[in-house]
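Before any comments, here is the structure.
There are 2 protein chains.
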Amino acid sequence: MPEPRPRPPKASPGNGVLLTDLYELTMLQAYFDEGLDGTAAFELFMRTLPPGRNFLLAAGLEQVLDYLAQLRFTASELAWLRRTKRFTPAFLESLAGLRFTGDVDAMPEGTAFFPDEPILRITAPLREAQLVESRVMNLLHYETLVASKAARCALAAGDRLLVDFGLRRAHGAEAALLSARASHLAGFTGTATVEAGRRWGIPIFGTMAHSYVQVHADESQAFERFAMAQRGNATLLIDTYDTERAAHRVVALAPRLAAQGIAIRGVRLDSGDLAEHARRVRAILDAGGLTGVTIFASGNLDEFRLAELRASGAPIDGYGVGTRMNTSADAPYFDCAYKLQEYDGEPRRKRSEGKATWPGRKQVWRAYDADGRFAGDTLSLADEPQAGEPLLVPFVRSGAAARARTTLAESRDLARRQMARLPEPLRSLQAATPPYPVVVTEGLRKLAARIDART
Amino acid sequence: MPEPRPRPPKASPGNGVLLTDLYELTMLQAYFDEGLDGTAAFELFMRTLPPGRNFLLAAGLEQVLDYLAQLRFTASELAWLRRTKRFTPAFLESLAGLRFTGDVDAMPEGTAFFPDEPILRITAPLREAQLVESRVMNLLHYETLVASKAARCALAAGDRLLVDFGLRRAHGAEAALLSARASHLAGFTGTATVEAGRRWGIPIFGTMAHSYVQVHADESQAFERFAMAQRGNATLLIDTYDTERAAHRVVALAPRLAAQGIAIRGVRLDSGDLAEHARRVRAILDAGGLTGVTIFASGNLDEFRLAELRASGAPIDGYGVGTRMNTSADAPYFDCAYKLQEYDGEPRRKRSEGKATWPGRKQVWRAYDADGRFAGDTLSLADEPQAGEPLLVPFVRSGAAARARTTLAESRDLARRQMARLPEPLRSLQAATPPYPVVVTEGLRKLAARIDART
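Residue numbers (the working numbering), protein chains in the order written: chain S, 1 to 455; chain V, 1001 to 1455.
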């Protein structure tokens, strides 16, 4: 009897090898024909910061490592490729045995970083390093996009509770899940997305929808029934008809529930002037003796609204932040690149207008001031040691794990510590002047000039 | 021997029932405790148009119908819910048998629509209609977002070839796949995403990356090898070092390849002033006798850049459009709502500030002028017939298909015909003044007033 096939490590949806750009496969066909299979080093970095941003937060490495570990062509994928008549039989046969056998160096998830700094390097036989380009970018770009936005929300919200509410307008299923993960990593306490709770152990939060209130004959009845079903854990949505009137209803209801041993946990505001409603509702609740009932707010929130609400002193205890966070609405994409920096021991450099890159395998070194805050980064060649802490560390060697995977809790803790070490001007929601210093070494500059002179 | 279990219909990643907001489940627990299970009608609509937009294009219904058809809780999902200790055993037991048994009325994919017009109505037992809210919105919102943006690109590009290049910066795997589908539906010819070609038969396109040029000793050699591997189908990327010099290299190479019976199909520009480069490259190619070699352009394109390039008369034959299309960068989300409009035969209305909705089950009627162009829509109650064509049609009755599924090709054809029927001012990339007229019937207005008076 055959052995049962080992389960691929944590297969996640979308990790099929055909989730790639066609040109990766056509290039692999050409490399196969040419017999080109030297070692290639590709690095992933962001070319610029979006307007108003001061730093980015690396996330998504865990998903990249899963993807690489399970990289393979199934028989049915190869059969489909054969039917496209775009590839030679010998080439397709060669793909059957393809696995990821290379190295991965990366900044751990939760590391703050800056433009031109590689956050990931893949060093592998050419076809492996090329093939994975599309999906590696797709994963690392999106989680970094969300973590970077969520980190700003966390800075703006201070000590208030933040919960991801973004499933419904996330760009598809995976965006909903990965944004729950990346926002938790960056400082959100939890998410409303149940599957993200199941998959990663992220705390899940939920209140009620307007529809719940609407199916009941009156609002008070809806509140009472929900509080009873939730046995002390209910957050009541109070803006379906008239927010302050609903707050009075909560006050009237509380003693009736208390008689049955049931407390109301909180109320939620979801429309109108949140600061003003929060003040009025707080006063109504307090006057009714409900000082322990929390106020939770949601509705088109982002770091700017959170900062305004905080500055206004609005008595809001927590926030549901959704769409604008997980679509990174002010900057829905980064200028992310995955570029060949070295092939067969020779550094390479792309020189396209406005898109030139620093050649060679590189390292990023971070210096700290006396308080432990970031004092400046140095971008160097990998074999050109500098003062400071090297940020890229080995994660995979020859296809095998080179260090234990960090847990999501550990990455979250790193992100928290990184935020605490950000220089004060970088904690602002506006662009800091001057921006954080990233110095390029003389060695790297000379190499770039030498390559330019050569080609 | 047991029967083999029937395969769930076209399961797609992310369609697990726990891809939902926690509050859907806590509301279901409350409904279960209360014994509330009347028939609910929810409608999905967009509250507003983003700035500069004149219409939206409905897409994603196919994925919604798949999701509803396979809706069920697996034993392991129920076991996990049990472990959260948030739900009663009797309630969880009741979920085991849950299937979608309701009705779906919707605008067919590819229909142009306007604010406040429902594009989907789900009429079902309360728990079913409520539970599916999060994922139904997630699917329909995103594909409509992309189709609406891609339709503008198609209007701007005229008869030029458009190809989706967006996998790498799409928000996750599903966004990459669904945006390939939605953009094809809205007028793109194809996509670079291989899996989208496999899944839906969308034509796939590919060129080459800068890395391919870079691994070769010189650019001419890279072009020659790629052209040979692609056997006449090669589009050569010519901006890695110097665009015009590379065009001359293509001209020098062509006779050598022709001697082996190999033609060059096209060249691609990916940086710099695309119009200016295209003119120079066209002149170089034409002077070299390569009048049949096409010019393909990519790099940060959207409908505005496409319109500029078209207006400039740049000799560009086709475009790769990626990130800005599939993140809908100027409007990365719509103000999308899924609202209870009727419960147990009684119309309902949410009145939250700035978020009031039209109550009751509704229909949208479209009138046409003598040329067949849209002449105005009417929003009415579902049982209040008006002049014009009713846009919401039955897709599901009591959980079963009420009409044959349309193919993607048919939806694409409908979208094309809808674009042709758009009034001229709506074809502009700027906001039309006045906007397209959507009249609300007297019957609907009276109903809203009656409900407001009642609560």
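Backbone N, C-alpha and C fix where the C-beta goes; we use that ideal spot for every residue, glycine too.
In angstroms with no decimal places, state the Cα-to-Cα distance between residue i and residue j.
i	j	result
Val17 (chain S)	Phe296 (chain S)	43 Å
Ala1283 (chain V)	Leu28 (chain S)	32 Å
Pro13 (chain S)	Ala170 (chain S)	Confidence is the limiting factor: at Pro13 (chain S) the pLDDT is only 49, short of 50, which leaves the residue's position unreliable, though a coordinate-based value still follows. Computed Cα separation, rounded: 16 Å.
Ala1329 (chain V)	Asp21 (chain S)	21 Å
Glu410 (chain S)	Ala186 (chain S)	11 Å
Leu46 (chain S)	Ala382 (chain S)	It is Met, not Leu, that sits at residue 46 (chain S) in the sequence shown. Cα to Cα, Met46 (chain S) sits roughly 18 Å from Ala382 (chain S).
Gly1288 (chain V)	Leu1253 (chain V)	10 Å
Phe1100 (chain V)	Ala1069 (chain V)	7 Å
Tyr1031 (chain V)	Ser1271 (chain V)	57 Å
Gly172 (chain S)	Glu1128 (chain V)	21 Å
Gly399 (chain S)	Phe1188 (chain V)	38 Å
Val293 (chain S)	Leu1025 (chain V)	23 Å
Val1250 (chain V)	Leu1285 (chain V)	8 Å
Arg1445 (chain V)	Arg1373 (chain V)	27 Å
Arg168 (chain S)	Leu1019 (chain V)	10 Å
Leu61 (chain S)	Val163 (chain S)	23 Å
Thr291 (chain S)	Arg265 (chain S)	11 Å
Leu1447 (chain V)	Asn326 (chain S)	37 Å
Select from the options the residue whose C-alpha is nearest the C-alpha of residue i.
i	options	result
Ala150 (chain S)	S:Pro425, S:Val132, S:Gly320, S:Pro89	S:Gly320
Ala58 (chain S)	S:Thr111, S:Leu68, S:Thr74, S:Gly35	S:Thr111
Met1419 (chain V)	V:Arg1405, V:Arg1324, V:Val1439, V:Gly1158	V:Gly1158
Arg1053 (chain V)	V:Gln1063, V:Ala1030, V:Phe1113	V:Phe1113
Thr144 (chain S)	S:Leu161, S:Val439, S:Pro332	S:Pro332
Ile316 (chain S)	S:Ala278, S:Asp302, S:Gly292, S:Cys336	S:Ala278
Ala1090 (chain V)	V:Pro1394, V:Met1208, V:Arg1366, V:Asp1033	V:Asp1033
Gly1313 (chain V)	V:Phe1395, V:Leu1274, V:Phe1334	V:Leu1274
Cys336 (chain S)	S:His141, S:Ala75, S:Arg135	S:His141
I'd like to know whether the C-beta of residue i is nearer than 8 Å to at least one C-beta of chain V.
i	result
Pro332 (chain S)	yes
Trp200 (chain S)	no
Phe226 (chain S)	yes
Met1 (chain S)	Unreliable positioning characterises Met1 (chain S) in this predicted model, as indicated by a pLDDT of 35, which lies under 50. The coordinate reading is nonetheless provided below. So no, Met1 (chain S) is outside the interface.
Leu126 (chain S)	yes
Met27 (chain S)	yes
Ile264 (chain S)	no
Thr20 (chain S)	yes
Glu195 (chain S)	yes
Ser271 (chain S)	yes
Ser312 (chain S)	no
Gly345 (chain S)	no
His141 (chain S)	yes
Leu444 (chain S)	no
Counting only C-beta atoms, is residue i closer than 8 Å to chain S at any point?
i	result
Met1325 (chain V)	no
Thr1336 (chain V)	Residue 1336 (chain V) is actually Cys in this sequence, not Thr. Yes, contact with chain S.
Asp1033 (chain V)	yes
Arg1169 (chain V)	yes
Pro1013 (chain V)	Low confidence applies to Pro1013 (chain V): its pLDDT is 49, below 50, so where it sits in the model is not reliable enough to give any reading.
Thr1074 (chain V)	no
Glu1174 (chain V)	yes
Met1137 (chain V)	yes
Tyr1319 (chain V)	no
Ile1204 (chain V)	yes
Trp1080 (chain V)	yes
His1184 (chain V)	no
Thr1407 (chain V)	no
Run through chain C and tell me which residues come within less than 8 Å of residue i, C-beta to C-beta.
i	result
His210 (chain S)	Here the protein chains are S and V, and chain C is not one of them.
Does the distance between the C-beta of residue i and the nearest non-hydrogen atom of the ligand GTP fall short of 7 Å?
i	result
Leu391 (chain S)	With respect to the ligand GTP, the structure offers nothing, as it holds no ligand at all.
message: Just to confirm the assignment: which complete alpha helix (DSSP H) runs, minimum length 4, are found wholly within the region 1386–1452 of chain V?
response: 1408–1421
query: Three or more beta-carbon pairs under 8 Å between the region 349–361 of chain S and the region 195–208 of chain S, yes or no?
result: no
- request: For the region 287–318 of chain S, list the beta strand (DSSP E) runs that are entirely contained and at least 3 residues long, ordered along the chain.
  value: 294–298
- prompt: Three or more C-beta pairs closer than 8 Å, one from the region 419–435 of chain S and one from the region 337–352 of chain S: is that the case here?
  reply: no
- prompt: Residue ranges of each alpha helix (DSSP H) run of no fewer than 4 residues wholly in the region 1115–1150 of chain V, ordered along the chain?
  reply: 1126–1131
task: Evaluate the contact criterion for the region 117–124 of chain S versus the region 359–366 of chain S: three or more CB pairs, one atom per stretch, below 8 Å.
output: yes
query: Which full runs of the beta strand (DSSP E) of 3+ residues lie inside the region 1318–1369 of chain V, going along the chain?
result: 1318–1321, 1336–1343, 1362–1368
- request: Mind listing, in chain order, the continuous beta strand (DSSP E) runs of no fewer than 3 residues lying wholly within the region 39–126 of chain S?
  value: 39–46, 103–106, 120–125
message: For the structure I just gave you, are there three or more beta carbon pairs, one from the region 37–44 of chain S and one from the region 1222–1232 of chain V, closer than 8 Å?
response: no
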